[in-house]
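What follows is a short report on a single structure.
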Amino acid sequence: MRFSKRLTLLASSALVAGGIGFFSFKTDDRFFEIARNLDIYATLFKELNLYYVDEVNPNRMVKTSIDAMLKNLDPYTNFFAEDEIEDYMTMTTGRYNGIGALIGQRQGKSIVLMVYEGTPAEKSGLQIGDEVIKVDGVDLKTRKDADPGKLLKGQNNTAVKLTVRRFGQKDPVDLSVIRDVVKMTNVPYYGMITEDVGYIDLKDFTATASREVRTAYQELKGKGMKKLILDVRENPGGLLNMAIDICNIFISKDSEVVTTKGKVTEWNKTYTAMNPPLDLDMPIVVLTNSHSASAAEIVSGVIQDYDRGVLIGQRTYGKGLVQTTRELSFNTKLKITTAKYYIPSGRCIQAIDYSHRNADGSVGKIPDSLKTAFKTKAGRVVYDGGGVLPDVVIDAQTPSPVALSLTNKGLIFDYAVKYRHEHASIKPAREFRLTDAEYTDFTKWVGDKEYDYTTQVEKDLGTLEASAKKEKYFDQIQDQLKSLKTKMSHSKDADLSTFRTELKTLLEQEIAGHYYLQKGLKEASFATDPEMKAALDLFKDMPRYGTILKGK
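Each residue of the sequence shown is one higher than the one before, starting from 1 at the first, in UniProt numbering.
Written out as structure tokens, the structure is:
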């Protein structure tokens, strides 16, 4: 066998070459182990196929085994089977052939959660809140295996017939939608917040992200923008070259953007800004949160490292890993983590060490004691190993238990559907506010709905009671515990009053989204967005802005 011959040759070489031969032997020994285990796997699969009591689906079994194998690595190394290539292409390009609606499952029903602006779905009259009953005659109730998302996709200029149940209408509604190329935008919203402050909401890094940001920037500059808020909150990242191009908008040509370092040294590379910038002087605030990841962290980290702008919000996710797509046989693909990236200060912001796992298979974040200090261009101290820490930290808002329950149960959404049916129009999203009477109507409507929850205080009291019983103190304190439980037991009616401001805000944003779609959701949030408020306050105090960038 080939492996036997190679092992013999390597063993002979070891006698002559010493350490080099030993290294080669160990490498080839690993190749032998791979071949041996692949042979075991093939033999096992053959036996299963021949003798297992039921029919074996080879595609499903192999996909399951590959996914299980990759799960031991990091979350970003993924296998794409042939029938998933379309999803992969959508992920990288942001384009697909379909109707432009987001369908989600709610209590066994397929509900339209969002209709995207300018798409066939919007043009056909499909509405948020519609329940999709049938797609081209396929009954989604009886065909539990039917995926409405896949059924809605198809060739351009072909019609798909939807049967939907709409709030307030007795009979189902039939809609014919002509499929087209749907482009999911990287910049779902941009506009002027004040007379001189522009805002760009960057939500993804697919193949057109840089062009969309440049277009938004130039349009806003034409409208009088003198200061910019760039929002990368909830941005999971995407294509590395798009992050580089977007950084290039605000930093000088030939400036270093990111360096990648991995096992294959020939692939290690330092990427620089290739083009003249659009602007080197405009004050910038970048909004970040714990879901800003990967390419979003490159952009925010580069802006910080060059002292080009001020970061406001929460520490970013900490994904400093680079993925490369490798073509496999039979039109399948492997997206594999091949390197870590390092931003201009020299720091890597990867927060989790996937190469060292605990005994239970879990992984932990890099401890503070192992973090290293680096410096920005102006000499400000920054650290690696845990995402990008903003210059101005705003504590993340924690939703109240009642708000979480109402949202998770879909009751905020359902009330917005009801409101949309009962009101033909509302004020522009930035101006829309629920009246006191309308909020009272909501509290009455939700009164007989199921949305119970347990507050953190109630959970803590339960833990205390369990510990008291375990340690034999319960008899001594049970009266006090009972009294505390009575006092702290939540009342839904009381909570609807206590958290009125929070709940009204959620309702106003949801309702605005039902009328004005994605743009409505965004504009309705401006008035109560703490990071946005902090950015606007900072722009009113430019001496403080300058002081932050100088590290004083």
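All C-beta atoms in this analysis are idealised placements derived from N, C-alpha and C, irrespective of residue type, glycine included.
Keep in mind the model is a prediction, meaning the values are calculated, not measured.
- The alpha carbon of Ile244 has as its nearest neighbour, out of Leu38, Asn235, Asp231 and Val258, the alpha carbon of Val258.
- CA-to-CA, the gap between Lys170 and Val164 works out to about 11 Å.
- Taking a 10 Å sphere around the C-beta of Arg326, we find fewer than 16 other C-beta atoms and assign the residue as exposed.
- Here Met242 is buried: its Cβ has 16 or more other Cβ atoms, across all protein chains shown, within 10 Å.
- In the three-state reduction of the DSSP assignment, Gly98 falls in the strand class, which pools E and B.
- Excluding sequence positions up to five before and after Asp231, its CB lies within less than 6 Å of the CB of Asp201 and Leu287, all in the same chain and listed in chain order.
- Fewer than three beta-carbon pairs drawn from the region 51 to 67 and the region 142 to 155 are found closer than 8 Å, and the two stretches are therefore not classed as touching.
- A distance of 8 Å or more separates the beta carbons of Ala378 and Leu102.
- Approximately 10 Å separates the beta-carbon atoms of Leu404 and Ile412; this is outside 8 Å, ruling out the contact.
- The residue among Arg95, Thr93 and Arg166 with its C-alpha nearest the C-alpha of Gly125 is Arg166.
- Listed in chain order, the non-local C-beta contacts of Lys375 below 8 Å within the same chain comprise Ser345, Val381 and Val382, local neighbours out to five positions each way being set aside.
- Annotation for Arg315: Gly387 and Leu389 place their beta carbon closer than 6 Å to its own, counting only its chain and skipping 5 residues before and after.
- Here DSSP, grouped into helix, strand and coil, assigns Phe250 to coil.
- Beyond the five residues adjoining it in sequence on each side, Glu117 comes within less than 8 Å, by CB distance, of Leu517, Gln518 and Lys519 in the same chain, given in chain order.
- Assignment of beta-bridge partners to Phe80 by DSSP yields Lys333.
- For the beta strand (DSSP E) assignment, the uninterrupted runs of no fewer than 3 residues enclosed by the region 337 to 422 are, from N- to C-terminal side, 373 to 375 and 381 to 383.
- When Arg433, Thr498, Ser400 and Asp441 are compared, the shortest CA-CA separation from Tyr415 is found for Asp441.
- Per DSSP, Glu266 lies in no beta strand (DSSP E) segment and is marked neither H nor E.
- Contact check between the region 303 to 317 and the region 330 to 341: fewer than three CB pairs, one atom from each, fall below 8 Å, which does not count as touching.
- Separation of Thr272 and Val187 (C-alpha to C-alpha, rounded to the nearest whole angstrom) is 24 Å.
- Annotation: the continuous beta strand (DSSP E) that includes Gly313 extends over Val310 to Gly313.
- In the DSSP annotation of this structure, Leu239 is not part of any alpha helix (DSSP H), being labelled neither H nor E.
- Per DSSP, the unbroken beta strand (DSSP E) holding Tyr189 starts and ends at Tyr189 to Met192.
- Annotation for Lys46: no residue places its beta carbon closer than 6 Å to its own, counting only its chain and skipping 5 residues before and after.
- By the neighbour-count definition (other C-beta atoms within 10 Å, threshold 16), Asn57 is an exposed residue.
- Annotated three-state conformation of Arg30 is helix, per DSSP.
- Just so you know, the alpha carbons of Lys109 and Gly94 end up roughly 27 Å apart.
- Proximity to Ala535 across Asn408, Arg30, Arg347 and Val285 peaks at Val285, based on C-alpha coordinates.
- With three or more CB-CB distances shorter than 8 Å, the region 490 to 507 counts as touching the region 422 to 440.
- When rounded, the separation of the alpha-carbon atoms in Tyr453 and Gln397 is 19 Å.
- Annotation: Leu73 to Ala351 spans about 15 Å, alpha carbon to alpha carbon.
- Looking at Lys123, Ile349 and Val393, the one whose alpha-carbon comes closest to that of Ser176 is Lys123.
- Following the DSSP letters along the chain, one finds Leu287 in no alpha helix (DSSP H) but inside the beta strand (DSSP E) bounded by residues Ile284 to Thr288.
- Note that the C-beta distance between Ile246 and Val299 is below 8 Å.
- For the pair Asp384 and Ser369, the Cα-to-Cα distance works out to about 11 Å.
- For Met114, no alpha helix (DSSP H) run applies; the uninterrupted beta strand (DSSP E) run containing it begins and ends at Lys109 to Val115, by DSSP.
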